[in-house]
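**Q**
In my numbering, the protein residues as written are 45 to 169.
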């Protein structure tokens, strides 16, 4: 994680926050706090860093002007795309280190592990 943060010139918290925008068009500070499991005041500091870097922007919610929506800027989209391409290549390189006849088993076991973790998470809610 430290290497990734240094490579993309982002502190760890900003890096993790930015990655939550990859699947969402808009987020709120409250939503980010929930996703990152941190208090809203901590998210405010993280967001200020991303705003200063022009990676995200604030937009007033058209349905409720008291709410600020956050979205990626074009520079933010570019940064997230570069990070995702890097991660995809990194994962590919890891899989290439595994013997071809063992890759399928590893991927199958990772799917099983993911499903098991999600099942336990649902039980805890």
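Beta carbons are placed, not taken as given, at the ideal position from N, Cα and C, and that holds for glycine.
Tell me the DSSP secondary structure of residue 155 in three-state form.
**A** helix
**Q** Which residue wins for smallest C-alpha separation from residue 59, given the options 150, 167 and 47?
**A** 47
**Q** Judging by CA-CA distance, which residue of 49, 68, 168 and 54 is the nearest neighbour of residue 113?
**A** 68
**Q** Measure the Cβ-Cβ separation of residue 56 and residue 45 and say whether it is below 8 angstroms.
**A** yes
**Q** Across the region 137-154 and the region 78-92, are there enough close Cβ pairs to call them in contact, namely three or more that are closer than 8 angstroms?
**A** no
**Q** Contact check, residue 116 vs residue 100 under 8 angstroms by CB: the rounded distance?
**A** 6 angstroms
**Q** Taking C-alpha atoms, which residue in 131, 72, 91 and 66 lies nearest to residue 104?
**A** 72
**Q** Use the C-beta contact count for residue 158: other C-beta atoms within 10 angstroms, 16 or more gives buried, fewer gives exposed.
**A** exposed
**Q** Buried or exposed for residue 66, going by 16 or more other Cβ atoms inside 10 Å?
**A** Classification for residue 66: exposed.
**Q** In chain order, what residues of the same chain have a beta carbon less than 7 angstroms from the beta carbon of residue 167, not counting five sequence neighbours either side?
**A** none
**Q** Could you tell me whether the Cβ atoms of residue 61 and residue 90 are closer together than 8 angstroms?
**A** yes
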